[in-house]
Amino acid sequence: MLPPNKETSLSDAKDMTRSEKPEVPTSTDNFTHEEVSQENLTPQKQKSLTSKFAWLIPIISLFLVSTGLLTYYYYEKNINEEVLNLQKAAEEAALDGDYSEAVEALNKAIQLRPDYEVLAKDLEEIQLAKSLYDEIDKVQKRIKEKDYENAETQIFQLKEKVNVQSGPLFTAFSTLIDSEESSMKIGMIKQELDDITTIDALKDKLQVIETLSTDDGKEVKEQILTKIVKMTVDNATAELEENQFSDALDTVTKGLEYKPDDEQLLSLKSKIEQEEIAFEQAEQERIEQAMEAAAREDLQNRTAAVEVITFETEMDEYGDVYIYGTVRNVATRGISDVTIYYTLYDADGLYYDEGMAYVYPYQLNPGDQGSFEDIVYFINEEVTVEIDNITWYLH
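Using UniProt numbering, read the sequence shown as starting at 1 and increasing by one per residue.
As structure tokens, this is what we get:
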């Protein structure tokens, strides 16, 4: 049996139970009050109450752990998403050439994920890309300053650096470097054009230019072609003036290989062909005339090489007739053994006698003069002497 005071307490508790319904605790204070109230409970009731709430402990623990893990998961997920967004933004900025923005985005991502090696690698590549871009900018300045030698050296070094890289970021650099190399080659050729004096040298430059598809390249190509045409015209004209028709025609034909439709070259080609025909006709006429002249000359040399300059006769007191005179070699070649044949006629014009005289000196060069003389004895009457013939040997 329980002590009275305990019964009273229980009775009071029953009365309390009948008269009031206990409120459900709505705050921590209520739970505390309940815990304090449990001190007045019997051990059996305390044990009953403890066993009633014991199953909540692992559930609450699981809830708290799950909540923490879930919170951490979403936190990390958000960080990862932000890092990926920053990485993507850096990539896009780098491809657009905005390397400063790309570096800034990657630095933010690295702060969020300092152990993420890919970010460090991306940052290294972008910094390299920025360095390459700065070098290309220096190349551009050298080309503008016409410092082609140093520009060529830098371009070679840039190619070596880019060739060992891969990825879209460096593909763009290959295009940029090729463009600057084209600009450099065009500038160098422009600078050299004024000093080039042969078509072969221009041909070499033309071959280089034809590998470049830029507008500047097309402009320089036209300049080279124009100079080839001018040099072709000058060379062919000089050859034409020397009547070197084959050489002149060959020169123009080579020029037309570079510019087939050039009107100036086509016109010059026609002129050369026409002048060659005219020259050949004139040459043929000259040959014929020369042959005729040679024939006339030969005829003269053979039939009229000796010109009689003076011819006189005189009879002395003894009736002897003296015959003497001078001749000249009017041939174009030397002659020798010149002999004068003459005939004497009486007062009635009848044949009386004949004779011959030798010219001295024995040999006469063209234009030289010689003399001859002879005596016909015992004529003792008036006679007339006429030269019938002259003979000579033609050298």
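Using N, Cα and C, we set each Cβ at its ideal position, and we do this for glycine too.
Every value quoted in this text rests on a predicted model; they were computed, and no experiment measured them.
For residue 406 and Ile-228, which I take to be in contact (beta-carbon distance under 8 Å), what is that distance rounded to the nearest angstrom? Because the chain here runs from 1 to 395, residue 406 falls outside it and cannot be looked at.
Nearest by alpha-carbon distance to Asp-147: which of Glu-125, Met-184, Leu-240, Asp-134 is it? Met-184
Could you pull out every residue in the same chain whose Cβ sits closer than 6 Å to the Cβ of Lys-130, ignoring the five residues on either side in sequence? Tyr-99
Simplified DSSP state of Glu-145, which is helix, strand or coil: coil
Please report how far the alpha carbon of Glu-314 lies from the alpha carbon of Tyr-393, in whole angstroms. 29 Å
Taking C-beta to C-beta, are Glu-180 and Val-139 nearer than 7 Å? yes
Integer Cβ distance of Ala-109 from Ala-93, believed to fall under 8 Å: Not really, about 12 Å apart at Cβ, beyond 8 Å.
Phe-378, buried or exposed, once every other Cβ within 10 Å from all chains shown has been counted against 16: exposed
Cα-Cα separation between Ile-143 and Glu-276, rounded to whole angstroms: 50 Å
Alpha-carbon spacing of Gln-281 relative to Ile-224, whole angstroms: 38 Å
Give the DSSP-derived three-state secondary structure of Ser-183 in the structure shown. helix
When we look at the beta-carbon of Ile-390 and count the other beta-carbons within 10 Å, is it buried (16 or more) or exposed? buried
Between the C-alpha atoms of Glu-354 and Tyr-341, what's the straight-line distance to the nearest angstrom? 8 Å
Pairwise C-alpha distance: Gln-289 and Glu-312: 40 Å
So, helix, strand or coil for Ile-387, using DSSP? strand
Provide the residue span of the beta strand (DSSP E) that contains Tyr-360, from first to last. From DSSP, Tyr-360 is part of no beta strand (DSSP E); its letter is neither H nor E.
Closest to Gln-363 by CA distance: which of Ala-201, Asp-194, Val-252, Val-327 is it? Val-327
In the DSSP assignment, find the beta strand (DSSP E) that holds Gly-325 and state where it starts and stops. 321-329
Buried/exposed call for Ile-155, threshold 16 Cβ in 10 Å: buried
Cβ separation of Val-359 and Ser-371, assumed to be a contact under 8 Å, to the nearest whole Å: 7 Å
Own chain, CB closer than 8 Å to Lys-205, minus 5 neighbours either side, in chain order: Ile-189, Glu-192, Leu-193, Ile-196, Ile-224
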